[in-house]
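*Asks:* The structure follows.
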Amino acid sequence: NKKAFIFDLDGVVVDTAKFHFVAWQRLAADIGINFTEKENEQLKGVSRVDSLKKILEWGNKTLPQEEFDQKLIEKNNQYLSLIEGLSVNDILPGVHSFLLDLKAKSQPIALGSASKNARPILKKLGIIDLFDVIVDGTNVTKAKPNPEVFLSACSQLGFKATDSIVFEDSKAGVQAANTAGMISIGLGDQTNLNEADAVFQSFEEMPSDYIKTLLNT
Ligand code: B16
Ligand code: MG
Numbered sequence: 012n013k014k015a016f017i018f019d020l021d022g023v024v025v026d027t028a029k030f031h032f033v034a035w036q037r038l039a040a041d042i043g044i045n046f047t048e049k050e051n052e053q054l055k056g057v058s059r060v061d062s063l064k065k066i067l068e069w070g071n072k073t074l075p076q077e078e079f080d081q082k083l084i085e086k087n088n089q090y091l092s093l094i095e096g097l098s099v100n101d102i103l104p105g106v107h108s109f110l111l112d113l114k115a116k117s118q119p120i121a122l123g124s125a126s127k128n129a130r131p132i133l134k135k136l137g138i139i140d141l142f143d144v145i146v147d148g149t150n151v152t153k154a155k156p157n158p159e160v161f162l163s164a165c166s167q168l169g170f171k172a173t174d175s176i177v178f179e180d181s182k183a184g185v186q187a188a189n190t191a192g193m194i195s196i197g198l199g200d201q202t203n204l205n206e207a208d209a210v211f212q213s214f215e216e217m218p219s220d221y222i223k224t225l226l227n228t
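Residue numbers (our numbering): 12 to 228.
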């Protein structure tokens, strides 16, 4: 019995949200916008371009196209310097053993992330080889909650959407999985992720035989 196991990256495999936050906050401050942690929550799973659009909207500012593009480059450079030191120790609790358990059971594993930095991050974490398929911000055109990223991952693995399970920390990502007809497992805050089929605070909170449960759904 096999299923396609599809993982979001930021907030599921690794806690990069705090680095995105710092980088966006510096950028916002530069253009005179006060950017809060609560607003950052709404940028989870949202692409880089759309994130900047939202920040400008919240701050009631506009930027000429050239400056907009320049700001995106600055934000990413800032972000890349913040994640420079990422290592195996930054994998979120319970994720590594969960992935290894799936491997031991010969279950297919994919990444479904909006990030354009997904591959270098997985390399830094030392787990890129555990993923059979990687779909990230460099491969998709439609951002979550559009299901493109997850549908592409499951079809590349050769599975039907209804035989796929998505692990997500963002509302938009849970909605994408649901729209695709996949099983959605939320990681994080129950209130924010109430549309998911199941929610856990972290992988450590999952019952030890949860993979078995998922394989029988
Ligand atoms: P980048 P995920 C998303 O990754 C992040 O949650 C989101 O905050 C970020 O803006 C987006 O990737 C784009 O990332 O700037 O690295 O291309 O959660 O879909 O893995
Ligand atoms: Mg995420």
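We put the beta carbon where it would ideally sit given N, CA and C, even for glycine. Quick caveat: nothing in here was measured; it's all calculated off a predicted structure.
1) Do the segment 138 to 147 and the segment 108 to 125 make contact, defined as three or more Cβ pairs closer than 8 Å?
2) Excluding the 5 residues preceding and the 5 following residue 171 in the sequence, name in chain order all residues of the same chain whose CB lies nearer than 8 Å to its CB.
3) Going by alpha carbons, who is nearest to residue 228 out of 37, 175 and 62?
4) I need the straight-line Cα distance from residue 118 to residue 61, nearest angstrom please.
5) Would you report the Cα separation of residue 43 and residue 63, rounded to the nearest angstrom?
6) Excluding five sequence neighbours on each side, which residues of the same chain lie with their C-beta closer than 6 Å to the C-beta of residue 149?
7) Would you please state the rounded distance, in angstroms, between the beta carbons of residue 196 and residue 209? I believe it to be under 8 Å.
8) In this structure, how does DSSP classify residue 140 when only helix, strand and coil are distinguished?
9) To the nearest angstrom, how far is it from the Cα of residue 35 to the Cα of residue 158?
10) Taking just the CA atoms, how far does residue 99 sit from residue 224?
11) Run the proximity test for residue 55: is its beta-carbon closer than 7 Å to any non-hydrogen atom belonging to the ligand MG?
12) Have a look at 72, 32 and 219 and flag the residue whose alpha-carbon is nearest the alpha-carbon of residue 57.
13) For the beta strand (DSSP E) that contains residue 32, what are its first and last residues?
14) Just to confirm, does residue 21 get its C-beta within under 7 Å of one of the non-hydrogen atoms of the ligand MG?
15) Does residue 169 pass the burial test, meaning 16 or more other C-beta atoms within 10 Å, or should it be called exposed?
16) Tell me which residues share the same chain as residue 26 and place their Cβ nearer than 8 Å to its Cβ, disregarding the 5 neighbours each side in the sequence.
17) Assuming residue 209 is part of the alpha helix (DSSP H), what are its boundary residues?
18) Beta strand (DSSP E) containing residue 177: first to last residue?
19) Curious, which full-length beta strand (DSSP E) runs of at least 3 residues does the segment 102 to 131 contain?
20) In this structure, how does DSSP classify residue 146 when only helix, strand and coil are distinguished?
21) Which two residues bound the contiguous alpha helix (DSSP H) that contains residue 183?
22) Does the segment 175 to 185 come close enough to the segment 198 to 214 that 3 or more CB-CB pairs lie under 8 Å?
*Replies:* A quick look at the data gives this:
1) yes
2) 165
3) 175
4) 34 Å
5) 14 Å
6) 127
7) 5 Å
8) helix
9) 25 Å
10) 28 Å
11) yes
12) 32
13) No beta strand (DSSP E) holds residue 32; the alpha helix (DSSP H) holding it covers 28 to 41.
14) yes
15) exposed
16) 101 and 103
17) Note, residue 209: premise wrong, no alpha helix (DSSP H); beta strand (DSSP E) at 209 to 211.
18) 175 to 179
19) 120 to 123
20) strand
21) 182 to 191
22) yes
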